[in-house]
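Chains as they are written, first to last, in numbering that gives the first Met the number 0: chain A, 0 to 440; chain B, 0 to 200.
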Amino acid sequence: MIKSARLLCVCCVCGLLSGLTPAQTRAQDTAVASGVRIGLTYDRHGKPGIAITPVSGPNADSVRAILIRDFDFSDRITVIAPDSGEPPTGALNYPLYAKLLATTVVQAVVTPAGALHVAVHDVAQKRVALVLDIALPTPAYSGDWRAVVHAAADSIEWIVTGQKGIAGTRVMYARNSGRSTQLWTVDSDGANARPVAGTENAMSPDWHPSGKKIVYDLLPDDGRHRIVVRDLTGATPTWSTGAASLNFSPVFTPDGSKVVFAAGNDATDLYEASPGSADPPRRLTSRKGSSNSSPTFSPDGRRIAFTSGLLGHPEVYITDADGSSSELLTASGFGDRLFRSNPAWSPDNRLVAFQSRINDVFQVMTISVRDNSTRQWTSDGANEDPSWAPDGRHLVFVSTRTGTKELWVLDLDTSRARQLTHGGRVQNPAWSPRLELSRQP
Amino acid sequence: MNTLRRSVSLIALVAVAACSKKQPPAPAPAPAPAPAPRVNQDSIDRANAARAAAAAEAERQRLAAATAAEASRLDAARAAARAKLGMVIYFDYDKDEIREDQRATLDAKVPILNANPDVKMRIAGHTDDRGSDEYNLALGQRRAAAARRYMAARGVADGRFEVVSFGEQRPASPGESEDAWAKNRRAEFEITGGGTALKVP
């Protein structure tokens, strides 16, 4: 049984109700009716309380456990989960929930027909604000089944916090056996880790903004790297390029129309290519003799941060998307053994995350795009290769703090860190966009 | 014994004859011929044939041994040449320059490559795992390219070398120690064409 998570927050404010539609709103899929909100004006740093009643129906305990974890892992919600008692029947005891500092009560049922039926109650208004009815795929606990439960969690989070959740996202990464690599994905809650079909010898993946395609660096035994684009549900790649001796670190542009990657026969530069076009890749940078790599786009697609060895050691630079007017982002003056690399531009355009060598070991840092102020986020073990969640406040990165290389997730607002993978040997994490409910990769 | 008796008798006779009349001494009697041994001509022939066969066999073996020795000298020389072509070179931390103490290893490849103009090779650059994955791919590429430049400066056309990088992805030695790291900072050489019957320079 799930223990009560009595994490009572202190800054819950039940204020004005905004945009509440009358009585119940029934959603047949996971699209949340706009305008339905519970309880609060938007407070970025508050953690409203959601109470989750005991549940009924087949596999319902697991549904409840997943919802509780999703709310907990959002780092935006105070989870109130009484572990005793039967699922409530009849009207809820709203004053009791108000005393527990819950703004919302989630009452879930798995129907005999195999649907997830969720009543979301507004405690202050003492009534149901939203009803979700979603068919649950079979078998239970499959990736598709989990995705539906995560989608419900994200819908609830949206109407309670005004923020889209990340429960329905996944992290892709490479696992290295020492002889070869393979791409894997894991759900945002750490469950359902499995290899991606057809990605043997692949590393350094990036998601297409649709969530349906990936681009990656294919490294076969003969060392001839190729940049490959593949549909996640397809049997074969749809495009690849490999003109130079070394081609690596590819990313999609934010609109998904092009791929930018690093390539060269000795030193390397950034190139842009259009999959499906016959044109050869176009060179963006030209920094003679230095190696440029690891591009990351600003959310509006107009600028690229990347790693360059121009100064004789790796630093992070920013250039316009056409390769013009580049400038140094990570100036000297912090860290030692100058080595800053692997930038990742936050989806809300506030920060660039990167890794910096500090006391001989890499740590994850962020630098403000606005005022260049920096902040160090890790100190335990070696921490590298950050990637942003679509909510702009969670980072996934590789950490050796447990003794093996694992993925860890960090919430920048609360500094809460949690381990995402187990089994070691991970590299190159890439957080997915918000994924549509469809056949899961 | 008969011979002795006869000889004594004859001498006695001669002595008596000599005493009675002065006659020149008779020549010494020739010894009677030794009785012929009981020999078989076939055995003689067989023995001769066996001696000849043994001599021929010995000659054959001497020739075979000489040929084998020569072949194995050639094999060994070819194997040594192949080994020299495949010898790994090592790099200092975060550097792509060819180290002084690695030059001899590279120099040893030059005459073999000159004697075998059809041979093509792949140079693969590797790193230890202390940088980032991408940085190490770039560093490995620069290491392999540096080795190719060195060979070109010594007359081996750079078109004969393909240059690739594995970065930190294929360590030669697992683990996190100075020793393991040093073994991983390397460029490997592999024959990719024209290397079936190496001519030894």
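From the three backbone atoms N, C-alpha and C, an ideal C-beta is built for every residue, glycine too.
Helix, strand or coil: which one does DSSP assign to A/S61?
-> Reduced to three states, the DSSP call for A/S61 is helix.
Comparing the C-beta of A/F396 with each C-beta of chain B, is any distance below 7 Å?
-> Residue-level contact by beta carbon fails for A/F396 and chain B, as no gap is shorter than 7 Å.
Can you find a CB in chain A that lies within less than 7 Å of the CB of B/E164?
-> Looking at the sequence provided, one finds Ser at residue 164 of chain B rather than Glu. B/S164 counts as touching chain A.
Compare the C-alpha of A/M364 against each of A/Q354, A/N358, A/S372 and A/D370 and name the closest.
-> In this structure, A/Q354 is the residue among A/Q354, A/N358, A/S372 and A/D370 with its C-alpha nearest to the C-alpha of A/M364.
Go ahead and label B/N115 buried or exposed: buried means 16 or more other beta carbons lie within 10 angstroms of its beta carbon, across all protein chains shown.
-> Buried, since its Cβ has 16 or more Cβ neighbours within 10 Å.
Beta-carbon neighbours of B/Q133, restricted to chain A and to distances below 8 Å = Reading the sequence as shown, one finds Glu at residue 133 of chain B and not Gln. The answer, in chain order, is S203, F247, S248, A261, S292, S293, T306, S340 and N341.
Do the stretch 318-326 of chain A and the stretch 363-379 of chain A make contact, defined as three or more Cβ pairs closer than 8 Å?
-> As far as the Cβ criterion goes, the stretch 318-326 of chain A does not touch the stretch 363-379 of chain A, which means the pair count is below three.
May I ask you to list the residues that DSSP assigns as paired with A/I303?
-> According to DSSP, residue pairing for A/I303 in a beta bridge involves A/F296 and A/T318.
Separation of A/A101 from A/D359, as counted between CA atoms | Answer to the nearest angstrom: the Cα atoms are 46 Å apart.
Within 10 angstroms of its Cβ, does A/I287 collect 16 or more other Cβ (buried), or is it exposed?
-> It should be noted that the sequence gives Lys, not Ile, for residue 287 of chain A. With fewer than 16 other Cβ atoms inside 10 Å of its own Cβ, A/K287 counts as exposed.
Would a check of beta-carbon distances place A/T198 closer than 7 Å to chain B?
-> No, no contact with chain B.
Nearest CA to the CA of A/P249: which residue from A/Y93, A/K404 and A/P274?
-> Nearest Cα to A/P249 within the set A/Y93, A/K404 and A/P274: A/P274.
Using a Cβ-Cβ cut-off of 7 Å, state whether B/A146 counts as contacting chain A.
-> So, not an interface residue.
Residue span of the beta strand (DSSP E) that contains A/T180, given as start and end = Run containing A/T180: T180 to D186, per the beta strand (DSSP E) assignment.
Residue range of the unbroken beta strand (DSSP E) whose run includes A/P204 = The continuous beta strand (DSSP E) containing A/P204 extends over residues A201 to W206.
By Cβ distance below 7 Å, which residues in the same chain neighbour A/G167 in space, the five residues on each side in sequence not counted?
-> Its chain contains A146, H149, A150, D153, R433 and L434 as the residues whose beta carbon lies nearer than 7 Å to that of A/G167, once the 5 sequence neighbours on both sides are disregarded; these appear in chain order.
Look at the alpha carbon of A/M171 and the alpha carbon of A/N382, and state the distance between them as a whole number of angstroms.
-> Spanning the two alpha carbons is a distance of roughly 17 Å.
Mind checking whether A/S431 and A/R169 have CB atoms under 7 Å apart?
-> In this structure, A/S431 sits near A/R169, with a CB-CB distance shorter than 7 Å.
Is A/G89 buried or exposed, if buried means 16 or more other CB atoms sit within 10 Å of its CB?
-> It is exposed - the Cβ of A/G89 has fewer than 16 other Cβ atoms within 10 Å.
Span separating the alpha-carbon of B/T191 from that of A/W206 = Going from the Cα of B/T191 to the Cα of A/W206 covers about 36 Å.
Determine the DSSP secondary structure at B/M150, reduced to helix, strand or coil.
-> When DSSP states are grouped into helix, strand and coil, B/M150 belongs to the helix group.
Taking A/L95 as the query, report the chain B residues whose CB atoms sit under 9 Å from its CB, ordered along the chain.
-> None at all; the shortest Cβ gap to chain B is about 53 Å.
Which word fits A/D28, buried or exposed, when buried means at least 16 other C-beta atoms lie within 10 angstroms of its C-beta?
-> Confidence is the limiting factor: at A/D28 the pLDDT is only 36, short of 50, which leaves the residue's position unreliable, though a coordinate-based value still follows. Looking at its Cβ environment, which holds fewer than 16 other Cβ atoms inside 10 Å, A/D28 is exposed.
Along chain B, which residues have their Cβ under 8 Å away from the Cβ of A/P442?
-> The question about residue 442 of chain A has no answer here: the residues shown for chain A are numbered 0 through 440.
At a CB-CB cut-off below 8 Å, which residues of chain A make contact with B/Q168?
-> Think of a sphere of 8 Å around the beta carbon of B/Q168: the chain A residues whose beta carbon falls inside it are N175, T180, M202 and L218, in chain order.
What residues of chain B sit near A/A266, judged by a beta carbon separation below 9 Å?
-> Per Cβ cutoff of 9 Å: A137, Q140, R141 and A144.
Run the CB neighbour count on B/Y206, radius 10 Å, all protein chains shown included, and call it buried at 16 or more, exposed below.
-> Absent from the structure is residue 206 of chain B, since the part of chain B shown begins at 0 and ends at 200.
CB-CB length for A/S134 against A/A59, believed under 8 Å | With the sequence shown as reference, residue 134 of chain A is identified as Ala, and Ser is not the correct amino acid for it. 15 Å between Cβ atoms; not a contact.
Using a Cβ-Cβ distance under 7 Å, would A/S276 count as near chain B?
-> Not closer than 7 Å to any Cβ of chain B, the Cβ of A/S276 fails to qualify, so no.
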